[in-house]
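One rule links them: number in this note's numbering = place in the sequence shown (from 1) + 8.
Here is the structure we will look at.
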Amino acid sequence: MKRTFAAIAVAAATLTGASTSAWAQNYPTRPITMIVPFAAGGPTDVVARIVGESMSKTLGQQIVIENVAGAGGTTGITRGAQAQPDGYTIMMGHMGTHGAAPALYPKLRYDPTKDFAPIGMAAGTPILIVARKDYPAKDLKEFIARLKTEQDKANEAHAGVGSVSFTTCTMFNVMNGIKPTRVPYTGTGPVINDMIGGKVDYACDQIVNLVTQIQGGNIRAYAIATPARSPALPDVPTTKEAGLPDYQVSAWNAVFAPKNTPPAVVAKLNEALVKALDDPGTKKRLLDLGGVLPEGKERTSAWLGEYVAQEVARWTPILKAGGVVAP
Ligand code: MLT
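Right under this line is the structure:
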């Protein structure tokens, strides 16, 4: 009797394994949803649509962007983490949702280091300090000085506690002893729209959301928080050149699937992402917007998993020192 049961169990496991591998080999057979956890038109949405369009061509199925905003991106990522691990729901996370969020959300409903199958890094996104075009300060030093004297009147806009814009401007504000009115939005797409309209004084945002508006003179960039200037914005000084050398910060956007997504599916998604990054048109679009593309091992799923763990470990003490905790 025992032998029969064991034989049935082995056969079932073999069939299950065989059916999973056959199913995974045929993947994808229908459109794939990519959750973007912020409003349309912001940096995460821009990166997702650019790489998603190219990935669709490789996969032979449409990647459909679904914007699920709220709670600094954690609402959308929570939904992504809880989706079926079948490869038909993936998500674009970033330094906020998968690095800063654990420090800011004590009741976060996912663990960035455990609840995902990392697919791959899409683009690094240097941070710029930007302001409405008529802000009365000619350079970063004057900007900081004015903010210090007028902080009760200044407003800084971000995409919610835990977002990149919130996290990086928390650093900027704490470093300079500035306490502005902080205004949450559903993404920095709407933030920059309101900055162009003069309703927002300043923000810390990702370069891919800013190049066009800066080049068009619609908003003002005081500095980029990277050691070197961006080829996409050669006239914008670094924070070091502008007198704030300690403010060095970049963000990143990367593709994730829910944990337990079959390895064959993860491999197909990673292959499509890597092909997108090598596609000349896709590469040019991301580089023209100031994106920094991963090279070599930085393109692997394994590297992304290690990097997320490093980012959580890096941001947690910084943010806890800043005394910021979300509800
Ligand atoms: C966005 O896409 O709106 C940004 O990534 C939000 C943020 O993290 O600042």
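Every residue gets a Cβ at the ideal spot worked out from N, C-alpha and C, and that includes glycine.
Everything numeric in this text was worked out from a predicted model, so none of it was measured.
Spatial neighbours of Lys267 in its own chain (CB-CB distance under 8 Å, excluding positions within 5 residues in sequence) are listed in chain order as Ala89, Pro93, Lys122, Asp123, Phe124 and Ala125.
The three-state reading of DSSP puts Glu74 in strand, counting E and B together.
Within the region 190-250, the runs of alpha helix (DSSP H) that reach at least 4 residues and sit entirely inside it are, in chain order, 196-204 and 219-223.
Between Thr247 and Ala236, the C-beta spacing is not below 8 Å. In terms of Cβ geometry, Asn278 and Ile40 do not form a close pair [threshold 8 Å].
Taken in chain order, the unbroken stretches of beta strand (DSSP E) that lie wholly in the region 83-145 and span 3 residues or more are 97-102 and 124-140. In its chain, beyond the 5 residues on either side, Lys305 have a beta carbon closer than 6 Å to the beta carbon of Trp311. Glu61: not part of any beta strand (DSSP E); member of the alpha helix (DSSP H) spanning Pro51 to Leu67, first to last residue.
Residues of the same chain with a CB within less than 8 Å of the CB of Pro144, apart from the 5 flanking positions on each side, are Arg154 in chain order.
In the DSSP annotation of this structure, the continuous segment of the alpha helix (DSSP H) that includes Pro271 starts and ends at Pro271 to Asp286. The continuous alpha helix (DSSP H) containing Ser173 extends over residues Val172 to Asn184. Distances between the C-beta of Gly197 and the heavy atoms of ligand 1 include at least one below 7 Å. Inter-residue distance for Pro239 and Asp287 is about 20 Å (C-alpha atoms, whole angstroms). Contact between Leu112 and Gly206 is absent: CB atoms are separated by about 29 Å, not below the 8 Å threshold.
Here DSSP, grouped into helix, strand and coil, assigns Pro325 to helix. Distance from the CA atom of Ser64 to the CA atom of His106, rounded to whole angstroms, is 24 Å. Between the region 177-193 and the region 145-164 there are three or more inter-stretch CB-CB distances shorter than 8 Å, so the stretches are counted as touching. Using a cutoff of 7 Å, the CB of Ala275 does not count as near ligand 1, since none of the ligand's heavy atoms is closer than that. In the structure shown, Thr41 adopts extended strand secondary structure according to DSSP, grouped into three states.
A direct Cα-Cα distance of roughly 42 Å separates Gly224 from Thr37. For Thr196, the CB contacts under 6 Å within the same chain, skipping 5 residues up- and downstream, are Gly50, Ala167, Ser173, Asp213 and Asn217 in chain order.
For Phe264, the enclosing beta strand (DSSP E) stretches over residues Ser258 to Pro266. Taking 7 Å as the cut-off, the C-beta of Ser258 does not count as close to any heavy atom of ligand 1. Between Ala47 and Ile135, the beta carbon gap of about 19 Å keeps them out of contact (Cβ cut-off 8 Å).
By the Cβ neighbour-count rule, Val72 is exposed, with fewer than 16 other Cβ atoms within 10 Å of its own. Ala165: not part of any alpha helix (DSSP H); member of the beta strand (DSSP E) spanning Asn163 to His166, first to last residue.
Taking the C-beta atoms as reference points, Gly81 is found nearer than 8 Å to Gly104. In this structure, ligand 1 has a non-hydrogen atom nearer than 7 Å to the beta-carbon of His166. The closest heavy atom of ligand 1 lies 7 Å or more from the beta carbon of Thr157.
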